[in-house]
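Asker: So the number in our numbering is just where the residue sits in the sequence shown, counting from 1, plus 7.
C-beta atoms are modelled at their ideal positions from N, C-alpha and C, and glycine is treated no differently.
Because the structure is a prediction, the values reported are computed rather than measured.
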Amino acid sequence: MPNIIERNIFPSTCYNRTFKILNSPPLYPHVLVAVGSTNPVKINAVRKAFETFFNRDVKVVGFNVDSGVPNQPIGRQTMIGALKRALESRKLASSDYGVGIEGGISLLWGRWYAFGFVAIINRYGKVSTGTTGWFQLPEKVLKKVLSGDELGVVMDKISGTVGSKYKLGAIGYLTNAVVSRQELYQHGVYMALAGMKEV
Numbered sequence: 008m009p010n011i012i013e014r015n016i017f018p019s020t021c022y023n024r025t026f027k028i029l030n031s032p033p034l035y036p037h038v039l040v041a042v043g044s045t046n047p048v049k050i051n052a053v054r055k056a057f058e059t060f061f062n063r064d065v066k067v068v069g070f071n072v073d074s075g076v077p078n079q080p081i082g083r084q085t086m087i088g089a090l091k092r093a094l095e096s097r098k099l100a101s102s103d104y105g106v107g108i109e110g111g112i113s114l115l116w117g118r119w120y121a122f123g124f125v126a127i128i129n130r131y132g133k134v135s136t137g138t139t140g141w142f143q144l145p146e147k148v149l150k151k152v153l154s155g156d157e158l159g160v161v162m163d164k165i166s167g168t169v170g171s172k173y174k175l176g177a178i179g180y181l182t183n184a185v186v187s188r189q190e191l192y193q194h195g196v197y198m199a200l201a202g203m204k205e206v
């Protein structure tokens, strides 16, 4: 598995810490957020997280961008995909923020986990990242994913549904709908937003 910390993959930016992003006015009457995906689960997760975090109106637009990684990212590829989605979407929208969310799997202490990596870039070039909670994949699911199948496709077959990644997702099925994919990603967006706060 690729080593996710083997070298710095974060883009160099022109961010200047003299900008206080939480105190500086947005470019629009609302906070404009671009998401590097048209998946409604990701878009709604970003909208809910930003509205709660900023306690103000938020406009979220989704873009179909190239993540630059396989459909089923592994390890470090998950981080790269999220970063590219954030950068490309913000560039397309000239927005206050660009957000990239990438779902992937990674090996940790001999066990395989699924998780989401979230990258956020603001209009000054500051980048902050976070992750969702990690959950262990059942052996039956893991074997199919490691053989090359996308997790969403595997879960469709197991659950007997179509387009599970646009609905509850793998986490929804494995937790008996206690946690949905949107809720999982929303948590990850909060974690990434924490690094945006100036203290």
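#1: Report the option in 151, 152 and 108 whose CA atom is closest to the CA atom of residue 198.
#2: Please classify residue 75 as buried or exposed, where buried requires at least 16 neighbouring CB atoms within 10 angstroms.
#3: Roughly how many angstroms separate the alpha carbons of residue 154 and residue 188, rounded to a whole number?
#4: What are the boundary residues of the alpha helix (DSSP H) that includes residue 51?
#5: Decide if residue 136 is buried, meaning its Cβ has at least 16 other Cβ atoms within 10 Å, or exposed.
#6: State the Cα-Cα distance for the pair residue 57 and residue 95, rounded to the nearest angstrom.
#7: Report buried or exposed for residue 32, applying the criterion of at least 16 other Cβ atoms within 10 angstroms of its Cβ.
#8: Identify whether residue 143 lies in helix, strand or coil by the three-state DSSP scheme.
#9: Report yes if the CB atom of residue 86 is closer than 8 Å to the CB atom of residue 124, and no otherwise.
#10: Which value, in whole angstroms, describes the spacing of the CA atoms of residue 201 and residue 83?
Answerer: Here's the rundown:
#1: In the sequence shown, counting from the first residue as 1, residue 198 sits at position 191. Nearest C-alpha to residue 198: 108.
#2: Taking the sequence shown and counting its residues from 1, the one referred to as residue 75 is at position 68. Exposed: under 16 other Cβ atoms inside 10 Å.
#3: What you label residue 154 is simply residue 147 of the sequence shown in a count that begins at 1. What you label residue 188 is simply residue 181 of the sequence shown in a count that begins at 1. Using only the alpha carbons, I get a separation of about 23 Å.
#4: As a working mapping, residue 51 is identified with position 44 in the sequence shown. First-last of the alpha helix (DSSP H) with residue 51: 47–61.
#5: The count along the sequence shown starts at 1 and reaches residue 136 at position 129. By the neighbour-count rule (16 or more Cβ atoms within 10 Å), residue 136 is buried.
#6: Taking the first residue of the sequence shown as 1, we reach residue 57 at position 50. Taking the first residue of the sequence shown as 1, we reach residue 95 at position 88. Cα to Cα, residue 57 sits roughly 19 Å from residue 95.
#7: Here residue 32 corresponds to residue number 25 of the sequence shown, with the count starting at 1. Because residue 32 carries a pLDDT of 47, less than 50, the predicted location of this residue cannot be relied on, and no value is offered for it.
#8: Looking up residue 143 in the sequence shown gives position 136. Here DSSP, grouped into helix, strand and coil, assigns residue 143 to strand.
#9: Here the question's residue 86 lines up with position 79 in the sequence shown. Here the question's residue 124 lines up with position 117 in the sequence shown. In contact: residue 86 and residue 124 (Cβ atoms closer than 8 Å).
#10: Taking the first residue of the sequence shown as position 1, residue 201 is located at position 194. Taking the first residue of the sequence shown as position 1, residue 83 is located at position 76. Taken atom to atom, the span from the alpha-carbon of residue 201 to that of residue 83 is near 21 Å.
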